[in-house]
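J.: One structure coming up, written as structure tokens, with questions to follow.
Numbering (our numbering), first residue to last: 358 to 760.
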């Protein structure tokens, strides 16, 4: 909170927005699968399909939200995203069939695809401005933004669990109320800003990003991180079940990750800002993530079970979380230097969309190894962020976008 109070009012609004966004989102999402399979009686494959659609309509369309932000400015895109998210949660609250649930989930995902790139690009732009005015490293500002998001991801499920006693409809309506507050805040406080390239053909922006070697490298390195991070939802559950016979301990491991970010993110970023450059933080973060998977690989021959069997999984969670603290603010802080300011919204959207596509392919490949398990699986997973670290080393110190 001390860090937040030190920011100018507009940045405080953006940080508070990220907190509220994740509170509203995570109050609903963790309980969606249970509601679809239980109360609505959907088959397992239908539940998986619906959740996959939500991910696609969000991550896959981030680039659309980023392009619209560049064209029309952030304020209208954020406001429309809030309205669609409110409508989606209200629709989901009263949806009673597969078709209506699919429609509501697609609307919720698309709302985030509009909202998030606009807020992220504005935060990155304001962080650069704040750095120029005060000398505060932009990565530190972006770390506050990330920590606020993780605090929301921690508080949201707790709020949802309290409301589940009333019913899933109450959870959805509470999520909608949160976004009504977000909408009101941005309507009153977010300044109007013209689009950065209203008259420019959108293909020019895509071409500019594709021909920026530094941005392509950051995208690929960040994609390697997201493939690794996604293993918290794919390979880690299998490891926890192998060790304990159930996945009951997963919730505690996820809580550990969120609490680490909330309490340790800012000290880590402050230390990295003094000791490491942005490129070094990106490379080092990917190296730490790789070490987490190597730790699990080394434990395989020990055949640990029970409480001791959770230690490799806990080590992996801590390593991925610490690596994330180093590399995510660094990657986002690098983007404004690697692309023209006119294309910053598109670049932030592309960073998520490209990474989402790579995760889709990478997760499919990982799934084929998951049944095999053993040292091979964890060694291959360790190689992914390591490859990202080698890619990130290709970034030149002080690289800037061509004028």
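Glycine included, every Cβ here is placed at the ideal spot set by N, Cα and C. What you are looking at is a predicted structure, and each value in this text was computed from that prediction instead of being measured.
1) Which one of 496, 360 and 599 has the shortest CA to CA distance from residue 659?
2) Between the Cα of residue 492 and those of 743, 737, 627 and 712, spot the shortest distance and give me the residue it belongs to.
3) With burial defined as no fewer than 16 other Cβ atoms inside 10 Å of the residue's Cβ, what is the status of residue 753: buried or exposed?
4) Can residue 449 and residue 435 be called in contact, C-beta distance under 8 Å?
5) As an exercise, report each continuous alpha helix (DSSP H) stretch of at least 4 residues that is fully enclosed by the region 666-754, in chain order.
6) Going by C-alpha distance, which of 389, 428 and 392 is nearest residue 699?
7) With a threshold of 16 other CB atoms inside 10 Å of the CB of residue 451, please say whether the residue is buried or exposed.
8) According to the Cβ coordinates, are residue 527 and residue 430 closer than 8 Å?
9) Can residue 578 and residue 673 be called in contact, C-beta distance under 8 Å?
10) Shortest alpha-carbon distance to residue 688 belongs to which of 718, 644, 601 and 575?
11) According to DSSP, simplified to helix, strand and coil, what is residue 454?
12) Taking the alpha-carbon positions, what's the residue 846 to residue 740 distance?
13) Once the 5 residues before and after residue 530 are set aside, which same chain residues still bring their CB inside 8 Å of it?
14) With distances taken between CB atoms, is the gap from residue 379 to residue 509 smaller than 8 Å?
15) Cutting at 6 Å between CB atoms, please list the residues of its own chain near residue 511, excluding the five before and the five after it.
16) Below 8 Å on the Cβ atoms is my guess for residue 622 versus residue 503; work out the distance and round it to an integer in Å.
17) Taking the C-alpha atoms as reference points, what is the distance between residue 360 and residue 620?
18) For residue 364, which of 696, 422, 490 and 587 has the nearest alpha-carbon?
19) Are residue 706 and residue 421 closer than 8 Å when you measure CB to CB?
20) Taking C-beta to C-beta, are residue 536 and residue 439 nearer than 8 Å?
21) Which residue comes first and which comes last in the alpha helix (DSSP H) that contains residue 365?
22) Measuring only the C-alpha atoms, how far is residue 696 from residue 375?
23) For residue 592, which of 433, 525, 544 and 649 has the nearest alpha-carbon?
T.: In short:
1) 599
2) 627
3) Using a 10 angstroms sphere on the CB of residue 753, the tally of other CB atoms stays under 16, which defines it as exposed.
4) no
5) The region 666-754 contains these whole alpha helix (DSSP H) runs: 701-727 and 731-749.
6) 428
7) exposed
8) no
9) no
10) 575
11) Secondary structure of residue 454 (DSSP, three-state): coil.
12) Residue 846 lies beyond the residue range present for the chain, which begins at 358 and ends at 760; the question has no answer from this structure.
13) Close CB contacts of residue 530 within its chain, under the 8 Å cut and outside five residues either way in sequence, are with 446, 447 and 450 (chain order).
14) yes
15) Hits under 6 Å: 615.
16) 6 Å
17) Taking the CA atoms as reference points, residue 360 sits about 12 Å from residue 620.
18) 490
19) The answer is yes: Cβ separation under 8 Å.
20) yes
21) Neither: residue 365 is in no alpha helix (DSSP H) and is coded neither H nor E.
22) Rounded to whole angstroms, residue 696 to residue 375 spans 24 Å at the Cα level.
23) 649
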